[in-house]
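**Student:** Here it is: the structure, laid out below.
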Amino acid sequence: MTFESLGLHTSVIKALTEAGYTKPTSVQEQAIPAAIEGRDLLVSSQTGSGKTAAFMLPALHKFASEQPAAPAPAVGKTPNQEMQASRSRGERPRFKPAQPKMLVLTPTRELALQVTTATDKYGSHMKRVKAISILGGMPYPKQMQLLAKNPEILVATPGRLIDHMESGKIDFSQLQILVLDEADRMLDMGFIDDIEKIVDATPESRQTMLFSATLDGVVGNMAKRITKNPMIIQIAGSATKHENIQQKVHFVDDLSHKNRLLDHLLRDVTMDQAVVFTATKRDADTIADRLNIAGFAAAALHGDMHQGARNRTLDSLRRGQVRVLVATDVAARGIDVPAITHVFNYDLPKFPEDYVHRIGRTGRAGRNGVAVSLVNHAEGVNVKRIERFTKQLIPVDVVEGFEPKRSASAPRSNHKPGGWKPGDNRGGAKPGGRTFSKPGAAPRKEGGGGGYKGNRSNDSGARRSFGDR
Ligand code: AMP
657 MTFESLGLHT SVIKALTEAG YTKPTSVQEQ AIPAAIEGRD LLVSSQTGSG
707 KTAAFMLPAL HKFASEQPAA PAPAVGKTPN QEMQASRSRG ERPRFKPAQP
757 KMLVLTPTRE LALQVTTATD KYGSHMKRVK AISILGGMPY PKQMQLLAKN
807 PEILVATPGR LIDHMESGKI DFSQLQILVL DEADRMLDMG FIDDIEKIVD
857 ATPESRQTML FSATLDGVVG NMAKRITKNP MIIQIAGSAT KHENIQQKVH
907 FVDDLSHKNR LLDHLLRDVT MDQAVVFTAT KRDADTIADR LNIAGFAAAA
957 LHGDMHQGAR NRTLDSLRRG QVRVLVATDV AARGIDVPAI THVFNYDLPK
1007 FPEDYVHRIG RTGRAGRNGV AVSLVNHAEG VNVKRIERFT KQLIPVDVVE
1057 GFEPKRSASA PRSNHKPGGW KPGDNRGGAK PGGRTFSKPG AAPRKEGGGG
1107 GYKGNRSNDS GARRSFGDR
């Protein structure tokens, strides 16, 4: 299958060739032809599967195909020209609302910026297609300037978009395509009322494409209300195997043990860049500071930072100046940096869905990745919830010199994650393989409270999959 055979416009194909895309991913193969036909889509696909192009390429194709015949703007002047004209008449400039053709709603600013950047890339050979991001945290005057250019494509987080709609800056009467990206996450974040309000402001005739990790429950109900005869595409939902990501659990006795183990794992020679996930913004700051002192090029990323600081941190990550990003869930959602080889759950996520999103920060676009969860013994039940959600067992690994005092090896005969079958457990730690021990690095012996005093013979047992305990 090629992009040409999907029937995409030549200007889109040209941009894809420049971007180095040789063939469509599986979600693109299925979604693009149906979207070109104008069908509504409900797509469950894993993060990193190429979903942005799956909705943006058919939209750009549509706009590119329309271009030659596109009529002049109905009122003759762009909002910018209108404002200048009223100024020259000595009137107070009136703001003419932007009339976008496409709206992409995303849960976070980072994902919105990423979608906008991808759109610029995919539309780089089109004459007039402008995409802008409308985000919380961005100064209003700057957003007014962007809206005044009457962009064809708006990529927005729901809250800020509503502000602009209510103050009459956006008119959706010309909207042709509505995309809800990571819809499950938007609902988790409490955006349901905002989304419904936005959907109500768009024409019935629109094409709607909804992307989500899961299409069950609340997402499914909302999807039913806002789509018409949708084509359902299930690439990989919650049960995604993430076969290119090696997942592991390391048990720790206490915080000091966790910190020392994290430092050790971050020195792994195979690591290029890493994201460390924490439960709180404060921990993200504290751990980033601590890692910097320990000599890692680390930076924090969380929702309390100004947008400018968040963008700068992400740029430094992309340029490789930041090697370890310490982030909270919301801030890290949508980060797409191919050099991220490792994800660490310093704290386990609150919701199993977030685990899937977190580990999806590595293993982007077909690469391999490693996802390590550092878990207290008391959190075993949360690992089980994740295993039930992903229908995969996460193997337990132990690093020599960092063994937990409490053995995790006592077999628990009855536990199996829901729906799991023998053979599903792939990509885990290999028996006997101490994957993280640096060649030549002497195993650290722990002294004092956090030190290993247990029996080494527990080692192989401790490396069993979690579900066997
Ligand atoms: P997404 O799931 O949209 O976040 O995309 C994940 C990554 O895959 C991004 O870095 C994209 O640039 C990349 N990507 C998307 N489609 C393709 C493709 N057909 N070939 C190669 N890379 C792709």
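Here the sequence shown is numbered in the working numbering, starting from 657 and rising by one per residue.
Yeah, the Cβ is synthetic: ideal placement off N, Cα and C, and Gly gets one too.
#1: Three Cβ pairs or more, each shorter than 8 Å: is that satisfied between the stretch 978-996 and the stretch 865-872?
#2: For V932, which of A983, K825 and D971 has the nearest alpha-carbon?
#3: Considering only residues of the same chain and omitting the five flanking positions on each side of G779, which have a CB-CB separation below 6 Å?
#4: Given this structure, state the Cα-to-Cα distance separating G959 from L1004, to the nearest angstrom.
#5: Using the Cβ count rule (16 or more neighbours within 10 Å means buried), how would you classify T969?
#6: At which residues does the alpha helix (DSSP H) containing I882 begin and terminate?
#7: Can you give me the Cβ contacts of E660 inside the same chain, cut-off strictly under 7 Å, excluding the 5 residues immediately before and after it?
#8: Curious, which full-length alpha helix (DSSP H) runs of at least 4 residues does the stretch 791-819 contain?
#9: How should H962 be labelled, buried or exposed, when 16 other C-beta atoms within 10 angstroms of its C-beta is the threshold for buried?
#10: If you check the beta carbons only, do I1026 and H998 fall under 8 Å apart?
#11: Can you give, in chain order, each stretch of the alpha helix (DSSP H) that sits fully within the stretch 759-793 and has at least 4 residues?
#12: Restricting to Cα atoms, I'd like to know which of N885, E1056 and T858 is closest to I833.
#13: Quick check: I788 and L759, are their CB atoms within less than 8 Å of each other?
#14: Would you please state the rounded distance, in angstroms, between the beta carbons of P680 and K904? I believe it to be under 8 Å.
#15: Looking at V699: is its Cβ nearer than 8 Å to the Cβ of L761?
#16: In chain order, what residues of the same chain have a beta carbon less than 8 Å from the beta carbon of L917, not counting five sequence neighbours either side?
#17: Taking only heavy atoms of ligand 1 into account, decide whether any of them is closer than 7 Å to the Cβ of T684.
#18: Cα-Cα, which of Q977, Y1011 and R1020 is closest to I996?
#19: Can you grab the Cα-Cα spacing for the pair F847 / K1061, in whole Å?
#20: Would you say F952 and R975 are within 8 Å of each other, going by their C-beta atoms?
#21: Check whether the Cβ of K670 lies closer than 7 Å to any heavy atom of ligand 1, and answer yes or no.
**Tutor:** Taking the geometry as given:
#1: In short, these stretches do not touch, since the Cβ pair count stays below three.
#2: Here residue 932 corresponds to residue number 276 of the sequence shown, with the count starting at 1. Checking every option, the nearest Cα to that of V932 belongs to A983.
#3: Reading the sequence shown from its first residue, position 123 is the one you call residue 779. Shown here for G779: same chain residues with a beta carbon closer than 6 Å to its own, the five before and five after excluded, namely L716 and V785 in chain order.
#4: Residue 959 sits at position 303 when you count from the first residue of the sequence shown. Residue 1004 sits at position 348 when you count from the first residue of the sequence shown. Counting only the Cα atoms, L1004 lies some 18 Å from G959.
#5: In the sequence shown, counting from the first residue as 1, residue 969 sits at position 313. T969 counts as buried, since no fewer than 16 other beta carbons sit within 10 angstroms of its beta carbon.
#6: Here the question's residue 882 lines up with position 226 in the sequence shown. I882 -> alpha helix (DSSP H) spans G873 to I882.
#7: Here residue 660 corresponds to residue number 4 of the sequence shown, with the count starting at 1. Around E660: I669.
#8: Taking only runs of at least 4 residues, the alpha helix (DSSP H) segments lying wholly in the stretch 791-819 are 796-804.
#9: Reading the sequence shown from its first residue, position 306 is the one you call residue 962. Looking at its Cβ environment, which holds fewer than 16 other Cβ atoms inside 10 Å, H962 is exposed.
#10: What you label residue 1026 is simply residue 370 of the sequence shown in a count that begins at 1. What you label residue 998 is simply residue 342 of the sequence shown in a count that begins at 1. The question names Ile, but residue 1026 is Val in the sequence shown. Against a cut-off of 8 Å, the Cβ pair of H998 and V1026 comes out as a contact.
#11: Runs of the alpha helix (DSSP H) inside the stretch 759-793: 765-778.
#12: The residue labelled residue 833 in the question sits at position 177 within the sequence shown. Taking only the C-alpha atoms, the option nearest I833 is T858.
#13: Sequence index remark: in the sequence shown, residue 788 carries index 132 (1-based). Sequence index remark: in the sequence shown, residue 759 carries index 103 (1-based). In this structure, the beta-carbon distance from I788 to L759 does not fall below 8 Å.
#14: As a position in the sequence shown, residue 680 is number 24, starting the count at 1. As a position in the sequence shown, residue 904 is number 248, starting the count at 1. Wrong, their Cβ atoms sit about 32 Å apart, outside the cutoff.
#15: As a working note, residue 699 is residue 43 in the sequence shown. As a working note, residue 761 is residue 105 in the sequence shown. No, the Cβ-Cβ distance between V699 and L761 is not below 8 Å.
#16: Numbered from 1 along the sequence shown, position 261 holds the residue referred to as residue 917. Sequence-distant partners of L917 (beyond 5 residues in either direction) whose C-beta falls short of 8 Å from its own C-beta, in its chain, are H906, V908, L1030, V1055 and F1058.
#17: Position 28 of the sequence shown, counting from 1, holds the residue named residue 684. Here residue 684 is Gln; the residue named in the question, Thr, does not match the sequence. Yes, the Cβ of Q684 comes within 7 Å of a heavy atom of ligand 1.
#18: For the purposes of this step, residue 996 is identified with residue 340 of the sequence shown, where counting begins at 1. Taking only the C-alpha atoms, the option nearest I996 is R1020.
#19: In the sequence shown, residue 847 corresponds to position 191, counting from 1. In the sequence shown, residue 1061 corresponds to position 405, counting from 1. In a straight line, the C-alpha of F847 is about 44 Å away from that of K1061.
#20: Against the sequence shown, residue 952 aligns to sequence position 296. Against the sequence shown, residue 975 aligns to sequence position 319. Taking a C-beta distance under 8 Å as the contact criterion, F952 and R975 do not qualify as a contact pair.
#21: For the purposes of this step, residue 670 is taken as residue 14 along the sequence shown, with counting starting at 1. No.
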